[in-house]
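Using our numbering, read the sequence shown as starting at 1037 and increasing by one per residue. Each remark here refers to the structure printed beneath this line.
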Amino acid sequence: MGCTRREFLALASMGTVAGLAGCTPSRQTEQTPAEEPAQPTDPSVDLAEFESLALDSGAWRYDEKNDVYYQLGLTYCKTPATTTYESLAIFVPGAYFTAKQNGSTYSCTINEKAVVGGFTASTAPILMPVNTGTLAAQASPTAYSYDGLAPYMQAGCIYVYAGFRGRSAGYDTASGTDELFPGGSPWPVVDLKAAVRYLRYNASALPCDTSRVFVFGFAAGGGVSTVLGASGDASAFEPYLAQIGAITHDAEGSAVSDAIAGSASWCPVTSFDMADAAYEWSQGQYASDGTRAEGTWTRQLSQDLAGAYGAWVNEMDLRDGDDSQLTLDETEAGAYAMGSYANALLAGVDEAATYFVQNTTFPYTYTPQHLEDPTFPGDPNLAATREADAANATVTQGSSGATADGTGEGEVGAAASDAGAAEATDAATSSLTGVAQVQSTIYDSAQNYFAALNADNWWINYNHSSGSVTVSSVRDLVLHVRPAALAASPYDLPDRSSKTNQLFGIGEESTLHFDATVAGLVAANQDVYSGLEGWEPAFESAWEEDLEKVDTLNTDMATRVAMMNPLFWLSGHYEGYGQASVAPHWRVNEGLFDTDTSPCTAANIVYALRKYDGVKDVAHTPVWGQGHVLAERSGSATANLIEWVTTCCTTAE
1037 MGCTRREFLA LASMGTVAGL AGCTPSRQTE QTPAEEPAQP TDPSVDLAEF
1087 ESLALDSGAW RYDEKNDVYY QLGLTYCKTP ATTTYESLAI FVPGAYFTAK
1137 QNGSTYSCTI NEKAVVGGFT ASTAPILMPV NTGTLAAQAS PTAYSYDGLA
1187 PYMQAGCIYV YAGFRGRSAG YDTASGTDEL FPGGSPWPVV DLKAAVRYLR
1237 YNASALPCDT SRVFVFGFAA GGGVSTVLGA SGDASAFEPY LAQIGAITHD
1287 AEGSAVSDAI AGSASWCPVT SFDMADAAYE WSQGQYASDG TRAEGTWTRQ
1337 LSQDLAGAYG AWVNEMDLRD GDDSQLTLDE TEAGAYAMGS YANALLAGVD
1387 EAATYFVQNT TFPYTYTPQH LEDPTFPGDP NLAATREADA ANATVTQGSS
1437 GATADGTGEG EVGAAASDAG AAEATDAATS SLTGVAQVQS TIYDSAQNYF
1487 AALNADNWWI NYNHSSGSVT VSSVRDLVLH VRPAALAASP YDLPDRSSKT
1537 NQLFGIGEES TLHFDATVAG LVAANQDVYS GLEGWEPAFE SAWEEDLEKV
1587 DTLNTDMATR VAMMNPLFWL SGHYEGYGQA SVAPHWRVNE GLFDTDTSPC
1637 TAANIVYALR KYDGVKDVAH TPVWGQGHVL AERSGSATAN LIEWVTTCCT
1687 TAE
């Protein structure tokens, strides 16, 4: 009996992974760290190998005023490349411990009878932030502050702030060494996986359920959160984990998992194999200025990438709620603009816009906002560090005139330009929140709001009697509220100046090309591109040469790109499908006015998750009227996150 690749992978129960390709795929079971560990079968396992990473229960410090125990500077692997980044801090609600003071520290034992919020010392979840929207390195805290921790502590959660290496190689200033430590893909994910393993290794000393690890992040940090959720125990990361001496087994010899229970993200920036194509399909192909002006080679590249994305969607086997494949229809002009995939995107937009108008009190004030980096609590030095970095930073201008931030330094006020909003004034940026905002616009009624949106042409329909809203097309949506604010091929810029180019750099070669789709188009269309404005002879071989480079572990570029792509493990289109333990709980929020990433990014993850065996729930919330921010329809991001985690843990019982 024949079967499709998707059916085969869903039925397969045995198999091993030998790298990322050329293997027999298998479906692993749902995340298993909570299960009773099996006894080791290999007598050569060194049971004492990771004793040096055992948590010292006599080294807790105590914030008496706020009733919090904490430890800082806990190195989570045996051979860290940099202790500045490869260490973590743990914050515990005081009621979970019975403590005895020993001078400035406390010896703590777990109080099994304690109840904080809705949790006990055996059921409390662990929350871990990815506290960067641009994937800059996240240092481990060197000082304690209670600021921002109250909601997590009062809810009964364990809060773990883990440092990790970021998008670039770097130097450990704390050690004074002049040796460059590796960074970029896949090291941020590797470090956080090692941190998760550390927590599980020390489960007996922590008042929590270490199978309940929830990771959350924004933008590129949200992308890392999705990768962690999709790639639990994936063998591709093992050589990297071994390089830093990450824990592999506990004191009884049982394997220690890095699979997590839940992933939460806002405006995730990820899936870099098709990120440029997705941006050009959804936004770039409808722009006609800057790097997409008539006569430029990057305009032609934009159009070609949009076409490549349409073809890719049709190969993906993404499915809607009725299990029908989502596809795009090719027009006579060769563009992919309509089809069930576009309709599915618009259905989410319509629902969000309808929710907005039915739950908004008019007069309504619209203020465009843009967030570069979140400030999740845990490191009191973070604000000062970012101020210093900003003062010392130099922004590289690419040939497009765009900033070096391929992950999202768009034009702050652009999303509101056709919504009746005033032109952007000088952005007032708060160093504490990282939010830049421009002049607000007040709408006195829903009718006037939608009239302003339709001022140039009618594209959004508001039914006053039913309170429902429909948008005519993806093209109209992006032209009016989500225009292409980034340069053509924004993540893999021709001059290698984006922060995503940094993510795939290697050592001293701090930025490299990585997009194989762009490489293929450049190779196939050089005769056309070379006759257009902006083309440079160096482009002829630039992508081809960079894609052939390997990192310090001899891993090729294609594999490094795959390791930062959650879809690699979630979609049957890829060889990694079924080869990892996927988190059962997911939360994905996005601002529909976000010009920094394609609306396809979050949607594709959600489409794949909803059809993946073992995933219990996927909360996807597109938010009308918000851009590249911690988008929420109501309430605060922190309160909603904690409520979601609590619900996941409650329903799992």
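Glycine included, each C-beta is placed from N, C-alpha and C at the ideal position. Remember, predicted model here, so these are calculated numbers, not experimental data.
For this session: Output the distance between the C-alpha atoms of PRO1520 and ALA1314, rounded to the nearest integer angstrom.
Result: Within the sequence shown, residue 1520 is the residue found at index 484, counting from 1. Within the sequence shown, residue 1314 is the residue found at index 278, counting from 1. Going by the sequence as given, residue 1520 is Ala instead of Pro. Going from the Cα of ALA1520 to the Cα of ALA1314 covers about 12 Å.
For this session: Apply the 10 Å Cβ neighbour rule to ASP1227 and answer buried if 16 or more other Cβ atoms are within range, or exposed otherwise.
Result: Here residue 1227 refers to the residue found at position 191 when the sequence shown is read from its first residue. Per the 10 Å Cβ criterion, buried.
For this session: Name, in chain order, the residues that DSSP records as bridge partners for GLY1253.
Result: As a first step, residue 1253 is located in the sequence shown; it is residue number 217 there, counting from the start. Per DSSP, VAL1166, SER1301.
Exercise. Whose CA, out of ASP1208, PRO1243, ASP1214, lies closest to the CA of ALA1175?
Worked result: As a working note, residue 1175 is residue 139 in the sequence shown. It is ASP1208 whose Cα lies nearest to the Cα of ALA1175.
Exercise. Hey, how far is the Cα of THR1156 from the Cα of ALA1619?
Worked result: By 1-based counting over the sequence shown, the position of residue 1156 is 120. By 1-based counting over the sequence shown, the position of residue 1619 is 583. Taking the straight line joining both Cα atoms gives about 22 Å.
For this session: Using the DSSP secondary-structure output, state which residues sit across from VAL1104 in a beta bridge.
Result: Numbered from its first residue, the sequence shown carries residue 1104 at position 68. ASP1099, PRO1129.
Exercise. Are GLN1336 and LEU1568 closer than 9 Å when you measure CB to CB?
Worked result: In the sequence shown, residue 1336 corresponds to position 300, counting from 1. In the sequence shown, residue 1568 corresponds to position 532, counting from 1. Contact check for GLN1336 against LEU1568 passes: the beta carbons are separated by less than 9 Å.
Exercise. Under the three-state reduction of DSSP, which class applies to ILE1496: helix, strand or coil?
Worked result: In the sequence shown, residue 1496 corresponds to position 460, counting from 1. In the structure shown, ILE1496 sits in a strand (DSSP, three-state: E or B).
Exercise. Around the C-beta of ASN1640, are 16 or more other C-beta atoms found within 10 angstroms, so that it is buried, or is it exposed?
Worked result: Locating residue 1640 in the sequence shown gives position 604, where the first residue counts as 1. Residue environment: ASN1640 is assigned as buried (16 or more neighbouring CB atoms within 10 Å of its CB, all protein chains considered).
Exercise. Start and end of the alpha helix (DSSP H) containing ILE1146?
Worked result: As a first step, residue 1146 must be located in the sequence shown, where it is residue number 110. For ILE1146, no alpha helix (DSSP H) run applies; the uninterrupted beta strand (DSSP E) run containing it begins and ends at 1141-1146, by DSSP.
For this session: Output yes or no for whether 9 Å exceeds the beta carbon distance between ALA1172 and GLY1202.
Result: Here the question's residue 1172 lines up with position 136 in the sequence shown. Here the question's residue 1202 lines up with position 166 in the sequence shown. Yes.
Exercise. For HIS1516, does the three-state DSSP call read helix, strand or coil?
Worked result: Looking up residue 1516 in the sequence shown gives position 480. Note: HIS1516 maps to helix in three-state DSSP.
Exercise. What's the call for LEU1362, buried or exposed, on a 16-neighbour Cβ count within 10 Å?
Worked result: Translated into the one-based positions of the sequence shown, residue 1362 becomes position 326. The Cβ neighbour count for LEU1362, taken over all protein chains shown within 10 Å, is at least 16; the residue is labelled buried.
Exercise. If you drop the 5 nearest sequence neighbours on each side, which residues of the same chain put their C-beta closer than 8 Å to that of VAL1081?
Worked result: Walking along the sequence shown from the start, residue 1081 turns up at place 45. For VAL1081, where only same-chain residues beyond five positions count, the Cβ hits under 8 Å are HIS1285, GLY1289.
Exercise. Using 8 Å as the threshold, is the region 1231-1244 in touch with the region 1559-1567, meaning 3 or more CB pairs across them?
Worked result: With the cut-off at 8 Å, the region 1231-1244 and the region 1559-1567 do not touch.
Exercise. If we count Cβ pairs, one from each stretch, closer than 8 Å, do we get three or more for the region 1544-1554 versus the region 1520-1529?
Worked result: Contact between the region 1544-1554 and the region 1520-1529 is present, because at least three Cβ pairs lie under 8 Å.
For this session: Return the chain-ordered ranges of every beta strand (DSSP E) run that is complete within the region 1172-1245 and spans a minimum of 3 residues.
Result: For the region 1172-1245, whole beta strand (DSSP E) runs of length 3 or above, ordered along the chain, are 1194-1198.
Exercise. Buried or exposed: where does ALA1598 fall if 16 or more other Cβ atoms within 10 Å of its Cβ makes it buried?
Worked result: The sequence position of residue 1598 within the sequence shown is 562, counting from 1. Buried, by the Cβ-count rule.
Problem set entry | For TRP1571, the three-state DSSP class (helix, strand or coil) | Walking along the sequence shown from the start, residue 1571 turns up at place 535. TRP1571 falls in the coil class under three-state DSSP.
Exercise. Can the beta-carbon of THR1168 be found closer than 9 Å to that of GLY1094?
Worked result: For this step, residue 1168 is matched to residue 132 along the sequence shown. For this step, residue 1094 is matched to residue 58 along the sequence shown. GLY1094 sits away from THR1168, with the two beta carbons spaced by 9 Å or more.
For this session: Verify the CB distance criterion: does SER1634 have a CB-CB separation below 9 Å to chain B?
Result: No chain B appears in the structure shown, which is made up of a single protein chain.
For this session: Look at VAL1665 and CYS1303 and say whether their C-beta atoms are less than 9 Å apart.
Result: By 1-based counting over the sequence shown, the position of residue 1665 is 629. By 1-based counting over the sequence shown, the position of residue 1303 is 267. At the C-beta level, VAL1665 and CYS1303 come within 9 Å of one another.
Problem set entry | Whether CYS1636 touches PRO1161 by CB criterion (9 Å) | For the purposes of this step, residue 1636 is taken as residue 600 along the sequence shown, with counting starting at 1. For the purposes of this step, residue 1161 is taken as residue 125 along the sequence shown, with counting starting at 1. With contacts defined as CB atoms closer than 9 Å, CYS1636 and PRO1161 fail to qualify as a contacting pair.
For this session: Keeping to the same chain, check which residues put their C-beta closer than 6 Å to that of ALA1389; ignore five residues upstream and five downstream.
Result: Looking up residue 1389 in the sequence shown gives position 353. Answer for ALA1389: VAL1505, TRP1660, listed in chain order.
Problem set entry | Cut-off 7 Å between Cβ atoms - residues of its own chain near ALA1578, not counting five sequence neighbours on either side | Residue 1578 sits at position 542 when you count from the first residue of the sequence shown. Around ALA1578: HIS1549.
Problem set entry | Contact under 9 Å by Cβ, TYR1121 with GLY1199 | On the sequence shown, residue 1121 is found 85 positions in, with the first residue counted as 1. On the sequence shown, residue 1199 is found 163 positions in, with the first residue counted as 1. For TYR1121 and GLY1199, yes; Cβs fall inside 9 Å.
For this session: Give the single residue among THR1332, LEU1381, MET1310 whose Cα lies nearest to the Cα of ALA1347.
Result: By one-based count along the sequence shown, residue 1347 stands at place 311. For ALA1347, the nearest C-alpha among the options comes from MET1310.
Exercise. Going by C-alpha distance, which of ASP1099, PHE1127, ASN1350 is nearest GLY1109?
Worked result: Taking the first residue of the sequence shown as 1, we reach residue 1109 at position 73. GLY1109 has its Cα closest to that of PHE1127, out of ASP1099, PHE1127, ASN1350.
For this session: Tell me whether THR1536 is buried or exposed, calling it buried when 16 or more other Cβ atoms sit within 10 Å of its Cβ.
Result: Against the sequence shown, residue 1536 aligns to sequence position 500. Burial check for THR1536: the Cβ neighbour count within 10 Å reaches 16 or more, so the residue is buried.
Problem set entry | Reduced DSSP category for ASP1340 - H, G, I as helix; E, B as strand; rest coil | By one-based count along the sequence shown, residue 1340 stands at place 304. Helix.
Exercise. From PRO1399 to ALA1482, what distance separates their C-alpha atoms?
Worked result: Counting from one through the sequence shown, the residue named residue 1399 turns up at place 363. Counting from one through the sequence shown, the residue named residue 1482 turns up at place 446. Spanning the two alpha carbons is a distance of roughly 8 Å.
For this session: Decide yes or no for the touch test of the region 1132-1142 against the region 1095-1102: beta carbon pairs closer than 8 Å, at least 3 of them.
Result: The answer is yes - the region 1095-1102 touches the region 1132-1142, with three or more Cβ pairs under 8 Å.
Exercise. Could you give the uninterrupted runs of the beta strand (DSSP E) lying entirely in the region 1640-1685, keeping only those of 3 residues or more?
Worked result: Unbroken beta strand (DSSP E) stretches of 3 residues or longer found wholly inside the region 1640-1685: 1653-1659, given in chain order.
Problem set entry | Coil, strand or helix - GLU1330 by DSSP | Along the sequence shown, read from residue 1 onward, the residue named residue 1330 stands at position 294. Coil at GLU1330, not helix or strand.
Exercise. Per DSSP, which one or two residues make a beta bridge with GLU1545?
Worked result: Within the sequence shown, numbered from 1, the residue matching residue 1545 stands at position 509. In the DSSP output, where bridge partners are listed per residue, GLU1545 has ILE1542.
Exercise. What are the boundary residues of the alpha helix (DSSP H) that GLY1556 is part of?
Worked result: Within the sequence shown, the letter at position 520 stands for residue 1556. 1552-1560 is the extent of the alpha helix (DSSP H) around GLY1556.
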